[in-house]
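A quick write-up on the structure given underneath.
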Amino acid sequence: MLGRTGRIVSWTIIRVPPGDFSYQAPYPVAIVKLAGGRKIIAQVVDCETEEIRFGLKVVTVVRRTSRPEVSEVIPYGIKVKPIF
Amino acid sequence: MNIYAIGSGVTKFGELWGTSPRILAKKAFAEALDDAGIPKGRVEALFVGNMLSGILGGQEHLGALFAQELGLNAPAFKIEGACASGGLALHNAVNSVLSNQYQTVAVLGVEKMTDHKPEDVATALMGAGTDVERMSGATFPGLYAILARAHMAEYRTTEEELAGVSVKNHFHASLNPKAQFTLRVTVEQVMKSTLIADPLKLLDCSPISDGAAAVIITSRKPAKKSPKVVASAVATDTLGLAERESLTELAATKKAAKKAFTLAGVSPSDIDIAEVHDCFSIAETLALEDIGFYPKGRAAGAVARGEVTLGSKGLVVNTSGGLKACGHPVGATGVKQVAELIKQLTGKSGRRQVKGAKLGLAQNVGGSGATAVIHILKI
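Chains as they are written, first to last, in our numbering: chain A, 1 to 84; chain X, 1 to 379.
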């Protein structure tokens with residue numbers, strides 16, 4: 001799933017997040033259509049929220065997803081970042 | 001189908017910090033029994049719609065719990081389908097009567113949400129989504145915001161038009177003493193309210209609520225004139241939003257509606273009143289299009305122009321105030337919708353009565369559209 005490119009087909013900016021994500025808000029979440037046609041939902045990183053638009057080209061990357069408690073495993077997942 | 005909806009009861013919806021789920025259930029059930037005019041002993045089974053009692057309250061096994069609480073020594077079942085739990089509970093109740101397993105059954109929808117922190121409720125509600133959606137940090141306002149943005153881009157739907165849904169539903173709720181919000185709002189107030197998940201703002205969103213609703217159905221010929229349940233249909237779609245072909249419609253609603261109209265032998269233009277699942281302003285827009293009341297891209301403008309507001313000659317939508325303003329105790333919502341139809345069809349809706357309403361439709365959605373339930377009632 002890493003290094004796959006695609007384009008943003010719709011998105012939102014989450015301003016009232018679930019508990020685990022409180023420290024990240026506001027953050028963008030987008031539906032991305034990957035080359036090949038499959039669609040995924042992922043957080044958009046490494047860009048300002050104003051830069052997000054329909055058709056923005058992105059690539060999948062691995063990132064920490066939320067901040068765990070000290071004794072917990074650090075969660076990683078797929079996010080996307082723009083290719084400008 | 002020879003199934004009659006003979007009684008309905010709805011508690012006040014809102015932040016009911018002093019009222020337990022047991023009390024809510026008792027109140028709704030007592031009102032429904034009284035409305036039906038039958039003794040409690042006539043109720044042969046109980047179907048409970050609820051979503052969050054386990055994750056928020058640590059309480060499962062709701063069938064037995066509420067059977068005991070309501071004093072029913074009867075078979076009892078809890079049905080879960082996210083925000084469509086209430087509609088699904090009614091569907092299962094209808095099936096049980098259709099199969100002749102029982103003649104008279106009660107459906108109870110109940111939810112207690114406001115005793116918990118909003119972040120915890122947001123996390124719990126995301127139980128209705130996929131693991132990937134949860135990992136992305138998405139919320140339900142966020143998922144519907146993604147649908148709203150796609151709809152706005154494809155059909156030039158505007159934020160002001162979407163605000164019209166909230167304005168209408170708050171107006172209807174101002175005539176419903178059971179509603180959580182009885183205050184009216186303006187388009188300007190909706191537009192100026194805090195952003196929750198762009199482009200959806202606070203006043204585009206239904207609230208977190210407590211409440212219960214109950215409906216009693218029977219295959220026995222009722223003593224008084226009662227509406228018949230002429231269609232009960234369910235459809236499902238992918239659990240997650242990303243896997244859907246289209247982001248501008250809910251395919252499950254289309255499928256369930258088509259099935260329901262065939263079962264009832266009626267078409268969208270025959271419907272007098274509808275209670276649709278307006279968890280967000282975009283959701284009512286999608287519902288009105290996907291059920292077939294309006295062509296794609298036309299519903300938001302029509303709602304904003306007042307075409308489905310009380311007093312209009314044709315279809316009137318969400319006389320209860322909808323989820324937006326009547327409130328959205330998730331498991332209770334689908335049952336409340338049908339309770340509202342029963343009240344309307346029997347002429348008991350007071351100031352918000354739609355005169356001469358004969359045919360009503362309820363649309364209840366679970367998650368971001370993974371489950372859709374449609375009921376049609378006729379008097």
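We treat Cβ as the ideally placed atom computed from N, Cα and C, and that holds for glycine.
When the cut-off is 9 Å and only beta carbons count, does residue i lie next to chain A?
{"i": "serine 136 of chain X", "result": "yes"}
{"i": "proline 141 of chain X", "result": "yes"}
{"i": "proline 207 of chain X", "result": "no"}
{"i": "isoleucine 282 of chain X", "result": "no"}
{"i": "aspartate 237 of chain X", "result": "no"}
{"i": "glycine 240 of chain X", "result": "yes"}
{"i": "valine 132 of chain X", "result": "yes"}
{"i": "alanine 300 of chain X", "result": "no"}
{"i": "methionine 1 of chain X", "result": "no"}
{"i": "alanine 150 of chain X", "result": "yes"}
{"i": "glutamate 15 of chain X", "result": "no"}
{"i": "threonine 194 of chain X", "result": "yes"}
{"i": "lysine 117 of chain X", "result": "yes"}
{"i": "leucine 90 of chain X", "result": "no"}
{"i": "alanine 30 of chain X", "result": "no"}
Return the Cβ separation of residue i and residue j in integer angstroms, given the expectation that the two are a contact with Cβ distance under 8 Å.
{"i": "proline 18 of chain A", "j": "glutamine 24 of chain A", "result": "The pair is not a contact, with the Cβ atoms about 10 Å apart (cut-off 8 Å)."}
{"i": "threonine 236 of chain X", "j": "alanine 252 of chain X", "result": "6 Å"}
{"i": "leucine 247 of chain X", "j": "serine 10 of chain A", "result": "5 Å"}
{"i": "valine 58 of chain A", "j": "isoleucine 8 of chain A", "result": "6 Å"}
{"i": "leucine 88 of chain X", "j": "valine 373 of chain X", "result": "6 Å"}
{"i": "threonine 218 of chain X", "j": "threonine 346 of chain X", "result": "Rounded, the Cβ-Cβ distance is 15 Å, inconsistent with contact."}
{"i": "alanine 35 of chain A", "j": "isoleucine 78 of chain A", "result": "About 15 Å separates the two Cβ atoms, so there is no contact after all."}
{"i": "leucine 359 of chain X", "j": "valine 215 of chain X", "result": "With 8 Å as the limit, leucine 359 of chain X and valine 215 of chain X do not qualify as a contact, their Cβ atoms being about 17 Å apart."}
{"i": "isoleucine 6 of chain X", "j": "alanine 28 of chain X", "result": "Their Cβ separation, rounded to whole angstroms, is 15 Å, which puts isoleucine 6 of chain X and alanine 28 of chain X out of contact at 8 Å."}
{"i": "alanine 213 of chain X", "j": "glycine 9 of chain X", "result": "7 Å"}
{"i": "methionine 126 of chain X", "j": "isoleucine 208 of chain X", "result": "Rounded, the Cβ-Cβ distance is 14 Å, inconsistent with contact."}
{"i": "methionine 1 of chain X", "j": "leucine 98 of chain X", "result": "7 Å"}
{"i": "glycine 129 of chain X", "j": "glycine 240 of chain X", "result": "7 Å"}
{"i": "alanine 233 of chain X", "j": "lysine 259 of chain X", "result": "4 Å"}
{"i": "glycine 369 of chain X", "j": "glycine 86 of chain X", "result": "Rounded, the Cβ-Cβ distance is 16 Å, inconsistent with contact."}
Measure the C-alpha to C-alpha separation of residue i and residue j and round it to an integer number of angstroms.
{"i": "serine 22 of chain A", "j": "proline 199 of chain X", "result": "20 Å"}
{"i": "isoleucine 14 of chain A", "j": "lysine 178 of chain X", "result": "31 Å"}
{"i": "alanine 283 of chain X", "j": "threonine 186 of chain X", "result": "19 Å"}
{"i": "glycine 14 of chain X", "j": "valine 165 of chain X", "result": "20 Å"}
{"i": "valine 70 of chain A", "j": "aspartate 20 of chain A", "result": "13 Å"}
{"i": "valine 110 of chain X", "j": "isoleucine 83 of chain A", "result": "48 Å"}
{"i": "valine 338 of chain X", "j": "leucine 143 of chain X", "result": "26 Å"}
{"i": "glycine 137 of chain X", "j": "valine 29 of chain A", "result": "7 Å"}
{"i": "threonine 194 of chain X", "j": "threonine 262 of chain X", "result": "42 Å"}
{"i": "histidine 61 of chain X", "j": "isoleucine 38 of chain X", "result": "27 Å"}
{"i": "lysine 324 of chain X", "j": "cysteine 83 of chain X", "result": "14 Å"}
{"i": "arginine 134 of chain X", "j": "lysine 355 of chain X", "result": "45 Å"}
{"i": "lysine 168 of chain X", "j": "serine 269 of chain X", "result": "21 Å"}
{"i": "alanine 197 of chain X", "j": "alanine 145 of chain X", "result": "6 Å"}
{"i": "phenylalanine 47 of chain X", "j": "proline 21 of chain X", "result": "15 Å"}
{"i": "valine 190 of chain X", "j": "aspartate 204 of chain X", "result": "7 Å"}
{"i": "lysine 254 of chain X", "j": "aspartate 115 of chain X", "result": "35 Å"}
{"i": "glutamine 59 of chain X", "j": "cysteine 47 of chain A", "result": "43 Å"}
Identify every residue that forms a DSSP beta bridge with residue i.
{"i": "proline 82 of chain A", "result": "A/Val58"}
{"i": "valine 91 of chain X", "result": "Note on identity: in this sequence residue 91 of chain X is histidine, with valine being the wrong assignment. DSSP lists no partner for histidine 91 of chain X."}
{"i": "glutamine 363 of chain X", "result": "X/Ile374"}
{"i": "alanine 235 of chain X", "result": "X/Ala372"}
{"i": "leucine 210 of chain X", "result": "The question names leucine, yet the displayed sequence has aspartate at residue 210 of chain X. According to DSSP, which records beta bridges pairwise, aspartate 210 of chain X is partnered with X/Gly14."}
{"i": "glycine 108 of chain X", "result": "The sequence shown places leucine at residue 108 of chain X, rather than the glycine named in the question. Paired residue(s): X/Val48 and X/Ala214."}
{"i": "alanine 5 of chain X", "result": "X/Ile217"}
{"i": "serine 12 of chain A", "result": "Position check: residue 12 of chain A holds threonine in this sequence, whereas serine was assumed. DSSP output for threonine 12 of chain A lists A/Val29 as bridge partner(s)."}
{"i": "glutamine 79 of chain X", "result": "The sequence shown places isoleucine at residue 79 of chain X, not glutamine. Beta-bridge pairing links isoleucine 79 of chain X to X/Gly49."}
Can you confirm whether residue i, when its beta carbon is compared against all beta carbons of chain X, has any partner nearer than 9 Å?
{"i": "serine 10 of chain A", "result": "yes"}
{"i": "arginine 4 of chain A", "result": "no"}
{"i": "arginine 15 of chain A", "result": "yes"}
{"i": "phenylalanine 21 of chain A", "result": "yes"}
{"i": "lysine 39 of chain A", "result": "yes"}
{"i": "glycine 77 of chain A", "result": "yes"}
{"i": "isoleucine 74 of chain A", "result": "no"}
{"i": "alanine 42 of chain A", "result": "yes"}
{"i": "threonine 60 of chain A", "result": "no"}
{"i": "alanine 35 of chain A", "result": "no"}
{"i": "phenylalanine 54 of chain A", "result": "yes"}
{"i": "proline 82 of chain A", "result": "no"}
{"i": "proline 18 of chain A", "result": "yes"}
{"i": "serine 66 of chain A", "result": "yes"}
{"i": "valine 29 of chain A", "result": "yes"}
Looking at chain D, is there any beta carbon in it that lies within less than 9 Å of the beta carbon of residue i?
{"i": "glutamate 243 of chain X", "result": "In summary, chain D is missing from the structure at hand, where the protein chains are A and X."}
Is residue i near the ligand ADP, judged by its Cβ being under 8 Å from some heavy atom?
{"i": "isoleucine 196 of chain X", "result": "In terms of ligand content, the structure shown is empty, and the ligand ADP therefore cannot be addressed."}
request  = Could you tell me which uninterrupted beta strand (DSSP E) segments, each at least 3 residues in length, are contained entirely in the segment 24-48 of chain A, listed from first to last along the chain?
outcome  = 27-34 and 39-43
key: 4-residue-minimum alpha helix (DSSP H) runs that sit fully inside the segment 156-205 of chain X, ordered along the chain   = 159-173 and 187-192
request  = Pick out the complete alpha helix (DSSP H) segments inside the segment 269-339 of chain X, 4 residues or longer, and give them in chain order.
outcome  = 281-291 and 299-304
inquiry  = My parser needs the alpha helix (DSSP H) runs of 4 or more residues fully inside the segment 112-152 of chain X; what are they?
reply    = 118-125 and 131-135
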